[in-house]
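> Per our numbering, the sequence shown starts with residue 11, numbered consecutively. Note that beta-carbon positions come from the ideal geometry of N, C-alpha and C, so glycine has one too. Handing you a structure now.
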Amino acid sequence: MPTPVHHSTAPGRRLTWLITGCSSGIGLALARHVLANGHRLIATSRNPAKTPELVREVTSYGDGSHRWVALDADSPGAGTVVSQLGVAIDVLVNNAGHAVLQTVEHAREADARALMETMYFGPLRLVQAVLPTMRRQRFGVVVYVSSGAGLEARPSMALYGAAKAAGDALTKTLAKEVAPFNVRALYVSLGSFQTNMPNATEVRASTPATLDDTPASTDDDYAGSVARKIMGHMASGGQAASARGDPAKAARAIFEVATATGVGRGHEAEVLLPLGADAAVRVQKCVTRWRMRWTFLAA
């Protein structure tokens with residue numbers, strides 16, 4: 011017989027949140043929203059010494075029970091760091107990430123492995139560290155902050171998209187496995203937001219061409235391609251200038267869906283949360299495309 015599925019709702023108490031990648035962007039906005047709503051926060055970043063003012067903001071807030079912890083999710087010991095905090099984590103938000111843009115043909119295996127460490131193996135380690143407690147207390151929420159690049163194919167973003175898609179698949183499967191324990195898993199497909207992501211993105215020059223699309227030889231077939239244009243756009247800061255999404259609004263939506271309050275009330279069963287006007291459009295296009303292409307095979 012199938013295992014009965016329960017949909018997690020907040021237990022009406024102060025929750026303890028652990029959020030990775032809190033030094034900027036969505037992570038920082040969500041950390042501030044958690045604090046403002048009276049919950050306990052454990053913020054993390056790879057190098058807290060680089061943002062002392064943010065560390066002070068968090069640790070001095072309210073009753074002083076909040077912490078900022080140095081955490082490198084890429085490290086095999088990341089899960090142990092979380093396990094040794096001595097605190098039951100109610101909500102885990104895997105948000106840390108970075109990107110490398112390059113065509114598949116010229117991609118470096120080292121880059122692919124590094125992205126998978128940060129956006130797949132790192133989150134996996136942290137999930138495994140918090141799940142035993144969540145399962146025992148019969149409550150918990152795991153949030154994976156993803157990207158539209160994990161949902162659809164974007165030229166030059168194969169490595170980044172593959173890492174995000176791996177995290178998405180992990181989260182979707184996790185949601186089914188832990189639902190009987192009143193634990194919930196959710197992945198957030200982000201559109202374009204005003205974050206530090208452009209600064210966390212490396213654009214690799216294609217061989218043999220340069221990023222300004224000037225070929226170093228006459229046989230550069232990628233000159234003028236969509237991939238090269240996207241890479242040039244990112245390298246020139248165009249993405250940062252054109253982003254319109256407000257991180258504070260995204261943080262509020264993530265918080266409310268995770269706690270089943272506000273816009274999240276009644277949506278406890280949702281596993282995918284697309285955020286941003288462009289993300290919603292992309293999700294709908296993907297759904298329409300899949301339906302149109304495969305309906306005839308089901309006949």
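1) Taking 8 Å as the cut-off, does the region 233-240 touch the region 182-200 (at least 3 CB pairs, one atom from each stretch)?
2) What separation, rounded to the nearest whole angstrom, lies between the Cα atoms of V103 and T113?
3) Measure the C-alpha to C-alpha separation of A270 and A263 and round it to an integer number of angstroms.
4) Roughly how many whole angstroms lie between the Cα atoms of P133 and V101?
5) Counting only C-beta atoms, is A80 closer than 8 Å to chain C at any point?
6) Could you please give the first and the last residue of the uninterrupted alpha helix (DSSP H) stretch that includes Y170?
7) Return the Cβ separation of L196 and V267 in integer angstroms, given the expectation that the two are a contact with Cβ distance under 8 Å.
8) Please classify K174 as buried or exposed, where buried requires at least 16 other C-beta atoms within 10 Å of its C-beta.
9) Check whether the Cβ of A39 sits closer than 7 Å to any heavy atom of the ligand NAP, and report yes or no.
10) State whether the region 145-160 contacts the region 114-126, with contact taken as three or more CB pairs (one from each stretch) at a distance under 8 Å.
11) Between the Cα of S246 and those of E212, H277, K259, spot the shortest distance and give me the residue it belongs to.
12) DSSP three-state call for S93: helix, strand or coil?
13) When you compare the CB positions of T313 and T54, do they come within less than 8 Å of one another, or not?
14) With C-beta atoms as the reference, is A185 less than 8 Å away from V281?
15) Does DSSP put I36 in a helix, a strand or coil?
The structure says:
1) no
2) 30 Å
3) 10 Å
4) 13 Å
5) Chain labels in this structure do not include chain C; a single protein chain is all it has.
6) 168-188
7) 7 Å
8) buried
9) For the ligand NAP, the structure offers nothing, since it holds no ligand at all.
10) no
11) E212
12) helix
13) In the structure as shown, the chain begins at 11 and stops at 309. Residue 313 is therefore absent and cannot be evaluated.
14) yes
15) helix
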